[in-house]
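Asks: Quick one: this structure, given as structure tokens, is what I'll be asking you about.
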Amino acid sequence: MHDSVMGKWLNNAWYVAAWADEIADGPIERTIIEQRVVLWRMERGGYGAVSAFCSHRRLSLANGRVEGDRIQCGYHGLEFAPDGRCINVPCQASVPPGADIRGYPVAERWGLVWIWMGDPAAADPATIVDVAHWGSADWGYNRGAAMVYDCHYLLIADNLLDPSHVTWVHRTSFGGTSGETEPMRIREAPTGFTVSRWTTDVPVAPFYRDLVPFTGNADRLQQYEVRYPALAVIKAVFVPANEGGDDAPANPRAFLMDSYNFITPETAGRSRYYWFQMRNVRPDDADLSIAMSAAVLSAFSEDLAVLNEVQRGMDTATGPYISIATDAGPLRFRNRLERLIEAEKSR
Amino acid sequence: MHDSVMGKWLNNAWYVAAWADEIADGPIERTIIEQRVVLWRMERGGYGAVSAFCSHRRLSLANGRVEGDRIQCGYHGLEFAPDGRCINVPCQASVPPGADIRGYPVAERWGLVWIWMGDPAAADPATIVDVAHWGSADWGYNRGAAMVYDCHYLLIADNLLDPSHVTWVHRTSFGGTSGETEPMRIREAPTGFTVSRWTTDVPVAPFYRDLVPFTGNADRLQQYEVRYPALAVIKAVFVPANEGGDDAPANPRAFLMDSYNFITPETAGRSRYYWFQMRNVRPDDADLSIAMSAAVLSAFSEDLAVLNEVQRGMDTATGPYISIATDAGPLRFRNRLERLIEAEKSR
Amino acid sequence: MHDSVMGKWLNNAWYVAAWADEIADGPIERTIIEQRVVLWRMERGGYGAVSAFCSHRRLSLANGRVEGDRIQCGYHGLEFAPDGRCINVPCQASVPPGADIRGYPVAERWGLVWIWMGDPAAADPATIVDVAHWGSADWGYNRGAAMVYDCHYLLIADNLLDPSHVTWVHRTSFGGTSGETEPMRIREAPTGFTVSRWTTDVPVAPFYRDLVPFTGNADRLQQYEVRYPALAVIKAVFVPANEGGDDAPANPRAFLMDSYNFITPETAGRSRYYWFQMRNVRPDDADLSIAMSAAVLSAFSEDLAVLNEVQRGMDTATGPYISIATDAGPLRFRNRLERLIEAEKSR
Chain A
1 MHDSVMGKWL NNAWYVAAWA DEIADGPIER TIIEQRVVLW RMERGGYGAV SAFCSHRRLS
61 LANGRVEGDR IQCGYHGLEF APDGRCINVP CQASVPPGAD IRGYPVAERW GLVWIWMGDP
121 AAADPATIVD VAHWGSADWG YNRGAAMVYD CHYLLIADNL LDPSHVTWVH RTSFGGTSGE
181 TEPMRIREAP TGFTVSRWTT DVPVAPFYRD LVPFTGNADR LQQYEVRYPA LAVIKAVFVP
241 ANEGGDDAPA NPRAFLMDSY NFITPETAGR SRYYWFQMRN VRPDDADLSI AMSAAVLSAF
301 SEDLAVLNEV QRGMDTATGP YISIATDAGP LRFRNRLERL IEAEKSR
Chain B
1001 MHDSVMGKWL NNAWYVAAWA DEIADGPIER TIIEQRVVLW RMERGGYGAV SAFCSHRRLS
1061 LANGRVEGDR IQCGYHGLEF APDGRCINVP CQASVPPGAD IRGYPVAERW GLVWIWMGDP
1121 AAADPATIVD VAHWGSADWG YNRGAAMVYD CHYLLIADNL LDPSHVTWVH RTSFGGTSGE
1181 TEPMRIREAP TGFTVSRWTT DVPVAPFYRD LVPFTGNADR LQQYEVRYPA LAVIKAVFVP
1241 ANEGGDDAPA NPRAFLMDSY NFITPETAGR SRYYWFQMRN VRPDDADLSI AMSAAVLSAF
1301 SEDLAVLNEV QRGMDTATGP YISIATDAGP LRFRNRLERL IEAEKSR
Chain C
2001 MHDSVMGKWL NNAWYVAAWA DEIADGPIER TIIEQRVVLW RMERGGYGAV SAFCSHRRLS
2061 LANGRVEGDR IQCGYHGLEF APDGRCINVP CQASVPPGAD IRGYPVAERW GLVWIWMGDP
2121 AAADPATIVD VAHWGSADWG YNRGAAMVYD CHYLLIADNL LDPSHVTWVH RTSFGGTSGE
2181 TEPMRIREAP TGFTVSRWTT DVPVAPFYRD LVPFTGNADR LQQYEVRYPA LAVIKAVFVP
2241 ANEGGDDAPA NPRAFLMDSY NFITPETAGR SRYYWFQMRN VRPDDADLSI AMSAAVLSAF
2301 SEDLAVLNEV QRGMDTATGP YISIATDAGP LRFRNRLERL IEAEKSR
């Protein structure tokens, strides 16, 4: 495997720091690409994000309070603006040198709070991934809490770039019985890779059985777009058997589900996984949304169990390990990502 | 900050090892300035203290039994006198060389068992800090169990030498609303530092409200005496407004509370905190004693939460951090303490 | 003590990997002399054992499924034969080089699954220790679950080679009051050492009181045979007082109990302990078997508590420690074991 990229981070990227509602009640601390940050909701709206520890005694500012736009330290009352500047030190007339800390650009989009870990001048919220059909009355939405994986984020990206795992890991959920021999098509874009395949005339896999608005066998599209460094948009399409294919016209009986997956590396051994789904059926059915979130959580927990164990194997075993045919997508992804990281460093 | 002292220990000092009643039922093991010791109550009274591990197979003698004055190992029955000499090895005629372990001087005072970690010849129980009014029928007494802080003991000492933290950390207990701008007076003695201030004509802080035997605003003395390496006697005085000051005569309406705080370093990242209070009101009111202990525990838990987090910040963050005006006392204390430790080494 | 042997492993040996019934429901992972292995029961009977981690992505094969004789990885479906050869890689035509993993010889005997950690050519199940009276209608049997000790296996072997510890560790179970001064007889064999002693005309120790088929004092044999690297057969004999001795004839009133103890090192700080007992009284008394297992577990838990604490002492304390007279057996055992290990290396 292409392991050298696993010790490096892409800085110039928007990472999901939290669901917006996780910050509603006070400041929170997060670890993102090995950096501790504190985020807070400003009284006038919007968010601040700074490096986590007060410049005086290193108390995490998550133990402090929001005062207007600022975060105030819970030990001696030092106050910091969202850009990290120290504005006030109680019991003395002026702010001493060295009191400022790092500030991070923040943006709220799709119910999530995003943080930019690289050069602030390069932070452009318009580059945050688009979510099709957001707010559309014809599409339903469901989400889950953030999941914590005890593994490197690229193990999760590998998994998303390798749909063949579905056969073994998701035997009773996403998996079918006939998919494992279909070849994958791989397309490259500047933002990442897309792997996809049509499987034709197969029974609908258990997870989707109650969602698909037709009976009998289906043609099934699995499409996994994974963007650097670790964000996946997964499109599932089911149409009646023999009506599918990349060039087939829009199908009124198609079931469409877009799954958005945002992976935030905390450290080399721990990641957070934020996800939601959009679907083109029964948009207002709240019970269905709850059931879908539960089913997704259940299936993703199968990935989590396997990937945490893979991480344990990587941490424990010694000597080389091999790559196989289904690693083609992950290997190309890692290769390109490492080039991006190297380019960022040399800038 | 003056950090170099944080990796060094003062040996020639009495440290609190335990409440006397913690040793009543059998030997206990404690870690004090990174040394493991076992303490036991001898059958004839008094205490023994030796290095924790049997010289044979290193079973902690806390797993053994008291036999007369001696501690007997729970594995093969080796017996050690309070000075650490091995007196008996079962199944053989004589005690082999190398069987002795280190003994430590011990003294019981103020309901606490103290251990001397330095040169035994220099151990003088008369140098243990005095407790005014001990046993007086006019003074009440309350105490709590030992608290375990996951931080360096000097972070606790810093806190005791810096009353300004009360405003931010003890917002709803010891804190008032007007104290933060009063200057601190710092006095030095051979045993440590005393910082104090009178705050005049202020409302009585929540913690003291039901204790003070007068109504209306008060003049308040906060006096923190911190002795090397980490022992604090805190005096609180409340008198009616405009009757206070260092030179004011004894005031029959004064409320006086002395708080004794003994911090025992276990390791560089863990400390034990023993405390009790003496008060000049309602000495026999057992309910009040219980209520006071609960209130003190609650307030000290606010310190504990902040200081454990400061330790985490110190362990996690990199790069420099700054000092501010309120660090004057802590900085001088650390400086002098380091000189004491260096002098001890060169002796 | 003879410590140098503690960092070395004897490879050419049968180690207990598990109770057979622990593997009945699916593959399990075990750590044995620092090697992770996965064991499974084949559909046609018998067991497979291979190094734990898949050669592709290092998922432990304990997360996989048994397919016929093979173990199938739970991530991408790679299949391994019991000898470690990779037989199938899905989604591609052939098995790539480097896909094979290590296989281990396995044997089932005495209800236990044994694994050979050395040269497969040298694996001979006939060398597994014999169990006298196995299956005899005149002998009862009882067993317990495997116990996990957080200590080096040689600390357990020490203990088994040193019956003097009974006096101090098993004060209220196996211990008597008069045994500690009797000398031990030590005999050496190619497979290990046997220490034994007859204690004459003593009260029956609490553990055995309800088992011995006579009243009054007894002559008691304690015999501990410990084989390399860490397997003990302990024989207890009680006969009426003055009827014992190595040369005494078979005694119809004798109570005999054989205790089998198999210690499997996981790492230098963790061991698994499998045990069962055989007795010559009330063979079909199931309640007695249950009571005996409970009593043995209780007494062995006394050893476990002490030995885990000894390990902690070894990990914590610095400087030398001493040997005493009762260490003679353990020291000779360690010395011979180290020679065996060295001989194995030079082969």
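Chains as they are written, first to last, in our numbering: chain A, 1 to 347; chain B, 1001 to 1347; chain C, 2001 to 2347. Even glycine gets a Cβ: it sits at the ideal position worked out from N, Cα and C.
1. Within 9 Å (strictly less), CB to CB, does residue 1165(B) reach chain E?
2. Give the single residue among 2139(C), 2013(C), 2089(C) and 2218(C) whose Cα lies nearest to the Cα of residue 2201(C).
3. Can you say whether residue 1074(B) is buried or exposed, counting buried as having 16 or more other CB atoms within 10 angstroms of its CB?
4. In whole angstroms, what separates the C-alpha of residue 1265(B) from that of residue 1338(B)?
5. Taking only beta-carbon positions, decide if residue 268(A) is within less than 9 Å of chain B.
6. Nearest to residue 1013(B) by alpha carbon, out of 1322(B), 1275(B) and 1127(B)?
7. Using alpha carbons as the reference points, say which of 72(A), 296(A) and 286(A) lies closest to residue 234(A).
8. By how many angstroms is the C-alpha of residue 239(A) removed from the C-alpha of residue 184(A)?
9. What runs of the alpha helix (DSSP H), each 4 residues or longer, lie entirely inside the segment 166-247 of chain A?
10. Please name the residues in the segment 1299-1319 of chain B whose beta-carbon is closer than 8 Å to at least one beta-carbon of chain A, in chain order.
11. Pull up the CB-CB distance for residue 258(A) and residue 277(A), whole angstroms please, since I reckon it's below 8 Å.
12. In the structure shown, what three-state DSSP assignment does residue 1268(B) receive?
13. Over the uninterrupted beta strand (DSSP E) stretch that includes residue 1018(B), give me the two end residues.
14. From the DSSP output, which residues share a beta bridge with residue 2065(C)?
15. Hey, does residue 321(A) have any beta-carbon neighbour from chain C nearer than 9 Å?
16. Helix, strand or coil for residue 2258(C) per DSSP?
17. Taking residue 1325(B) as the query, report the chain A residues whose CB atoms sit under 7 Å from its CB, ordered along the chain.
18. Would you kindly work out how many angstroms separate the C-alpha atoms of residue 1204(B) and residue 1172(B), rounded to a whole number?
19. Any beta carbon of chain C sitting closer than 9 Å to that of residue 1203(B)?
20. Using alpha carbons as the reference points, say which of 2059(C), 2242(C) and 2319(C) lies closest to residue 2036(C).
21. Does DSSP put residue 147(A) in a helix, in a strand, or in coil?
22. Can you grab the Cα-Cα spacing for the pair residue 2084(C) / residue 2028(C), in whole Å?
23. Can you tell me where the beta strand (DSSP E) holding residue 2029(C) begins and where it ends?
24. Does DSSP put residue 10(A) in a helix, a strand or coil?
25. Identify whether residue 2335(C) lies in helix, strand or coil by the three-state DSSP scheme.
26. For residue 1048(B), which of helix, strand or coil comes out of DSSP?
27. On a CA-only basis, which of 2302(C), 2331(C) and 2103(C) is nearest residue 2004(C)? Give me that one, please.
28. Determine the direct distance from the alpha carbon of residue 1098(B) to that of residue 1237(B), and round the result to whole angstroms.
29. Just how far apart, CA to CA, sit residue 2285(C) and residue 2222(C)?
30. Out of 2025(C), 2170(C), 2114(C) and 2109(C), which has the shortest C-alpha to C-alpha gap to residue 2131(C)?
31. Starting from the C-beta of residue 254(A), find all residues in its chain whose C-beta is less than 8 Å away, skip the five residues before and the five after it, and write them out in chain order.
32. Let me know if residue 1290(B) comes out buried or exposed under the rule of 16 or more other beta-carbons within 10 Å of its beta-carbon.
33. What's the call for residue 1187(B), buried or exposed, on a 16-neighbour Cβ count within 10 Å?
34. Is the segment 1062-1082 of chain B touching the segment 314-324 of chain A in the sense that three or more CB pairs, one from each, lie closer than 8 Å?
Replies: Judging by the given coordinates:
1. Looking at the structure shown, chain E is missing, and the protein chains on hand are A, B and C.
2. 2218(C)
3. Buried: at least 16 other Cβ atoms inside 10 Å.
4. If you draw a straight line from the Cα of residue 1265(B) to the Cα of residue 1338(B), it is about 15 Å long.
5. no
6. 1127(B)
7. 296(A)
8. 19 Å
9. none
10. 1305, 1306, 1309, 1310, 1312, 1313, 1314, 1316 and 1317
11. 7 Å
12. coil
13. Here the beta strand (DSSP E) through residue 1018(B) covers 1014-1019.
14. Answer by DSSP bridge pairing, in chain order: 2072(C).
15. yes
16. strand
17. 91 and 92
18. Inter-residue distance for residue 1204(B) and residue 1172(B) is about 12 Å (C-alpha atoms, whole angstroms).
19. no
20. 2059(C)
21. strand
22. Looking at the two C-alpha atoms, the distance is approximately 16 Å.
23. 2028-2032
24. Residue 10(A) carries a coil assignment under DSSP once its states are collapsed to helix, strand and coil.
25. It is helical.
26. strand
27. Nearest of 2302(C), 2331(C) and 2103(C) to residue 2004(C), Cα basis: 2331(C).
28. 55 Å
29. Computed Cα separation, rounded: 25 Å.
30. The candidate whose alpha carbon is nearest that of residue 2131(C) is 2109(C).
31. 237, 238, 239 and 280
32. exposed
33. exposed
34. no
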